[in-house]
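J.: Please read through the structure below; I'll follow up with questions.
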Amino acid sequence: MAGIDKVKILVLGDSGVGKTSLVHLVCHNEPTTNPSWTIGCSVDVKLHEYKAGTASEKTFFVELWDIGGCTGHQNSRQIFYNPVNGIILVHDLTNRKSQQNLRTWLAEVLRKDNKTANNGYDYDPEEFAGNQIPLLVIGTKADQAETIRDKSKSRTSSMAEEFGADQFDLDCQNVKYLSPGSTNAVKLARFFDKVIERRYYSREGQGHYSPPLDRRRFKNSHVD
Amino acid sequence: MSFIVDSCIMFFLQAFFFAGGWLFFLKILYKNYEVHHTGVLLVFSTTFSLSCTMFVLIIFEIIGFMDPSSRYFHWKLQLFVILFLLIVILPAYIGFFVISNIRLVPPKRHVQVLLTFVSWCIFLYFFWKMGDPFPILSPKHGIFSIEQCIGRVGIIGVTLMAILSGFGAVNYPYTSMFCFIRHVTDAEILGIEKRLMQTMDMIMNKKRRIALANRENQRSASQNLGGGLWGMLKTVTSGGSSENISQLKQETGAMEELSRQLFLEAVDLHTTQERMEFSKTFKGKYFNFLGYFFSGYCVWKIFISTVNIIFDRVGKTDPVTRGIEIAVKYLGIQFDVKFWSQQISFILIGIIIVTSIRGLLITLTRFFYAIASSKSSNIIVLCLAQIMGMYFVSSVLLMRMNMPLEYRRIITEVLGELQFSFYHRWFDVIFLVSALSSIGFLYIAHKQADTESIG
């Protein structure tokens, strides 16, 4: 295990959208059976080949931190947000509100220094324009969404465009959506590469996006 | 002519409350969900508006607004419609959603409808059977009369009311008064968070080892594809990783359980700290004062319920008349009894109605947020609508005791010859049981939290 670097990616979204199923699908290539509500944070790890197929191919650990979405636990979640190298925002295609709430989630993470509670109304796109953390938007329950609404008028692109992020949809119970070589798998691999690049090979040379003013007194013993 | 005017007024009021229920559903209950079935929304709003207009009719009784005969007609109409909703439509709708969610049922529409009808008949049977041990059946009425239905709905509603009031009367002082808030220091919170992050690190470590071991196993397995017997021996002895994956997975499972416990403790500590900070604000102090007031009310209510049960006493006069009697006899204040009793009962009944509606809606909202998910939100909302309807119908029933004699008449006329004293006794019993068990539970929870925070 010595010598393999790691990156930390948060998986965020409302309660019940399917984050735990998604993480399991990505890391183990098989669907889960009936996961229960995530309390706190459940982590999983995937070995990812950075720049696969080229001469400079290198293995990295991609840590996926699946944060439970219960609104009652909001006051204790910040402990998991520091540090972060990438964010995956998950929403449920059968529930449009879960997509609108992604803004609140992003604001919660990016404002982790600020202890005042915000309720989404303070979302200011300008504020997040300077955001350097790579984002990915994933829509789940694609199979159920087809039966409920006409897919042709999907409005998923608006949220991803707003964040400047890539996005795709899938069904976490079906492995074919992430089969190697499919568009989704390519997008996911590209996202992981982007996260690794920004963490370890960024142009600034310091190689680590740290929050501008870390006012928390708690000295994080977790060494990066 | 006046009947048409009165009907217009009632219709306008119903539309107003219907809009209120609609907004409540969309903006508050379904804040995080999308509405797929408008029927659920319609049924919820209709139940809400019918319940509210029933309360408005009581107020109209007291202040003498509208023609008495049209009031009576509207009473009967409202009651009939709401009973139809509560006994026929809501249970059938709930049954339909439950059945369509079960995976064993084929998705054909007529099969689902048939099963819904069967389940509704079962519900009706149990609904009827439930009334047998209680003194509802009065020999004057037939089998399928409104009184029978109201009697049964009343029992369920009164039980619900008593449980909620009992718990609420005990819980409200507990949550709002300062003396119950445990003291939490920043150091405690930091300690828990540090332990939590250390546990997460250890979990991550183990998962990394598992991932590496899996990759090693995959690589060596693919290298030994054509080996046969020698190949299998080679994998066992030299190839593959030296990690015991199943043991690692077991350890990881245990650590994940620990991390969940630590996280829940951290949430608890943060919440307590927030309460501490809230108690320093002006609003906090105001609620603290109210808490003392309500704890006094709670103790008095428990005492009175016990007295009522032991001495088999049912209050004959309402608090308004009794208060006026006391004022006239002992305090010597002379005033126009009839006029003031009307005003005071109007205010008192109005306050009771508003607080019970508000209290129920808040409780339902909290309950909904706690247990709803995107799959079950429809069923839960319909169950809440059913509870709300039964609760409000029983409130009307019990409110009779709080009103002076001349206003009780209409409720007695409309609801028929129910044994009202039985319902009050039933309320007292269940209230007592609920309040005492809430005190017991809160005491145990408080003690447990205290011992855990030390350890």
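Chains as they are written, first to last, in this note's numbering: chain A, 24 to 247; chain B, 868 to 1322.
Ideal Cβ placement from N, Cα and C applies to all residues, glycine included.
For clarity, every value in this text was computed on a predicted model and none was experimentally measured.
(1) Mind listing the chain B neighbours of ARG126 (chain A)? Cutoff is C-beta to C-beta under 8 angstroms, in chain order.
(2) Three or more C-beta pairs closer than 8 angstroms, one from the region 1209 to 1224 of chain B and one from the region 1262 to 1272 of chain B: is that the case here?
(3) Return helix, strand or coil for PHE84 (chain A), following the three-state DSSP convention.
(4) Determine, for SER1304 (chain B), whether the minimum Cβ-Cβ distance to residues of chain A falls below 8 angstroms.
(5) Quick one: does SER1172 (chain B) have its CB under 8 angstroms from some CB of chain A?
(6) Roughly how many whole angstroms lie between the Cα atoms of LEU250 (chain A) and LEU1079 (chain B)?
(7) Cβ closer than 7 angstroms: which chain B residues qualify as neighbours of PHE215 (chain A)?
(8) So LEU952 (chain B) and GLY1256 (chain B) are supposed to be a Cβ contact under 8 angstroms. How far apart are they, rounded?
(9) Under the assumption that ARG221 (chain A) contacts GLN155 (chain A) (Cβ atoms under 8 angstroms), give the Cβ distance between them as a whole number of angstroms.
(10) Using a Cβ-Cβ distance cut-off of 8 angstroms, determine whether LEU70 (chain A) contacts chain B.
(11) Give me the DSSP bridge partner(s) of ASP192 (chain A).
(12) Would you mind reading off the limits of the alpha helix (DSSP H) that contains CYS64 (chain A)?
(13) Would you identify the three-state DSSP class for LEU116 (chain A), choosing helix, strand or coil?
(14) For the candidate residues B:MET868, B:ALA1194, B:ASN899, whose alpha-carbon lies nearest to that of GLY36 (chain A)?
(15) Does the beta-carbon distance from LYS1168 (chain B) to LEU1115 (chain B) come in below 8 angstroms?
(16) Does DSSP classify LYS31 (chain A) as helix, strand or coil?
(17) Any beta carbon from chain B within less than 8 angstroms of VAL66 (chain A)'s own beta carbon?
(18) Would you mind stating whether PHE911 (chain B) and ALA1252 (chain B) have Cβ atoms separated by less than 8 angstroms?
(19) Cα-Cα, which of A:GLY91, A:ASP216, A:GLY39, A:VAL160 is closest to GLY187 (chain A)?
(20) Going along chain B in order, which residues have a C-beta closer than 7 angstroms to the C-beta of SER99 (chain A)?
(21) Using three-state DSSP, classify ILE90 (chain A) as helix, strand or coil.
(22) So, using beta-carbon positions, are VAL965 (chain B) and TYR1290 (chain B) closer together than 8 angstroms?
(23) Can you give the Cα-Cα distance for LEU1027 (chain B) and LEU991 (chain B), rounded to whole angstroms?
(24) Is ASN899 (chain B) close to chain A, meaning its C-beta is less than 8 angstroms from at least one C-beta of that chain?
(25) In angstroms with no decimal places, state the Cα-to-Cα distance between ASP251 (chain A) and GLY63 (chain A).
(26) Starting from LYS120 (chain A), find everything on chain B with Cβ-Cβ shorter than 9 angstroms and list it in chain order.
(27) To the nearest angstrom, how far is it from the Cα of LEU890 (chain B) to the Cα of THR914 (chain B)?
(28) Cβ of MET1071 (chain B) less than 8 angstroms from any chain A Cβ?
(29) Strictly under 8 angstroms for the Cβ-Cβ distance: is THR264 (chain A) near chain B by that measure?
(30) Judging by CA-CA distance, which residue of B:VAL1134, B:LEU1157, B:SER1162, B:LYS1196 is the nearest neighbour of ILE102 (chain A)?
(31) Do we get a CB-CB distance below 8 angstroms when we pair ASP28 (chain A) with the residues of chain B?
(32) With distances taken between CB atoms, is the gap from LEU1309 (chain B) to TYR1039 (chain B) smaller than 8 angstroms?
(33) Would the beta-carbon of LEU1249 (chain B) fall within 8 angstroms of that of TYR960 (chain B)?
(34) Is it the case that the Cβ atoms of THR1066 (chain B) and LEU1125 (chain B) are separated by a distance below 8 angstroms?
(35) Does ILE62 (chain A) get closer than 8 angstroms to chain B when you measure Cβ to Cβ?
(36) Starting from the beta carbon of GLU13 (chain A), find every residue of chain B whose beta carbon is closer than 8 angstroms, and list them in chain order.
T.: On the basis of the supplied data:
(1) Those within 8 angstroms of ARG126 (chain A) in chain B number zero; the least Cβ separation is about 13 angstroms.
(2) Yes, since at least three Cβ pairs between the region 1209 to 1224 of chain B and the region 1262 to 1272 of chain B fall closer than 8 angstroms, the two stretches touch.
(3) Look at PHE84 (chain A) here: in three-state DSSP terms it is strand.
(4) Chain A, which has no Cβ nearer than 8 angstroms to the Cβ of SER1304 (chain B), makes this no.
(5) Chain A, which has no Cβ nearer than 8 angstroms to the Cβ of SER1172 (chain B), makes this no.
(6) As shown, chain A starts at 24 and ends at 247. That puts residue 250 (chain A) outside it, with no answer to give.
(7) What PHE215 (chain A) touches in chain B: nothing, since even the nearest Cβ is about 14 angstroms away.
(8) So it is a contact: roughly 6 angstroms between Cβ atoms.
(9) Separation of the CB atoms of ARG221 (chain A) and GLN155 (chain A) is rounded to 7 angstroms, and the pair is thereby assigned contact status at 8 angstroms.
(10) Yes, LEU70 (chain A) lies at the interface with chain B (some Cβ there is under 8 angstroms from its Cβ).
(11) Beta bridge pairing from DSSP links ASP192 (chain A) with A:GLY162.
(12) Run containing CYS64 (chain A): none in the alpha helix (DSSP H); it sits in the beta strand (DSSP E), 64 to 73.
(13) It is coil, neither helix nor strand.
(14) When each option's Cα is compared against that of GLY36 (chain A), the closest is B:ASN899.
(15) No.
(16) In the structure shown, the three-state DSSP call for LYS31 (chain A) is strand.
(17) Judged by the 8 angstroms Cβ criterion, VAL66 (chain A) is in contact with chain B.
(18) With a cutoff of 8 angstroms on beta-carbon distance, PHE911 (chain B) and ALA1252 (chain B) are scored as near each other.
(19) Ranked by Cα distance from GLY187 (chain A), the options A:GLY91, A:ASP216, A:GLY39, A:VAL160 are led by A:VAL160.
(20) The answer, in chain order, is PHE1130, ALA1133, VAL1134, HIS1137.
(21) It is a strand residue.
(22) No, the Cβ-Cβ distance between VAL965 (chain B) and TYR1290 (chain B) is not below 8 angstroms.
(23) One alpha carbon belongs to LEU1027 (chain B), the other to LEU991 (chain B), and they sit about 19 angstroms apart.
(24) Yes, ASN899 (chain B) counts as interfacial toward chain A.
(25) Residue 251 (chain A) falls outside the range modelled here, since chain A spans only 24 to 247, and no answer is possible.
(26) Within chain B, the residues whose beta carbon sits less than 9 angstroms from that of LYS120 (chain A) are TYR897, LYS898, ASN899, TYR900, GLU901, listed in sequence order.
(27) Straight through space, the alpha carbons of THR914 (chain B) and LEU890 (chain B) are spaced by roughly 14 angstroms.
(28) Answer yes: the Cβ-Cβ gap between MET1071 (chain B) and chain A drops below 8 angstroms somewhere.
(29) A query on residue 264 (chain A) cannot be resolved here, the shown segment of chain A reaching from 24 to 247 and no further.
(30) With distances taken between Cα atoms, ILE102 (chain A) lies closest to B:VAL1134.
(31) Not an interface residue.
(32) Between LEU1309 (chain B) and TYR1039 (chain B), the CB-CB gap reaches or exceeds 8 angstroms.
(33) Yes; because the gap between Cβ atoms is below 8 angstroms, this pair is in contact.
(34) A contact, by the Cβ cut-off of 8 angstroms.
(35) Yes, ILE62 (chain A) counts as interfacial toward chain B.
(36) Chain A is shown from 24 up to 247; residue 13 (chain A) falls before or after that span and cannot be answered.
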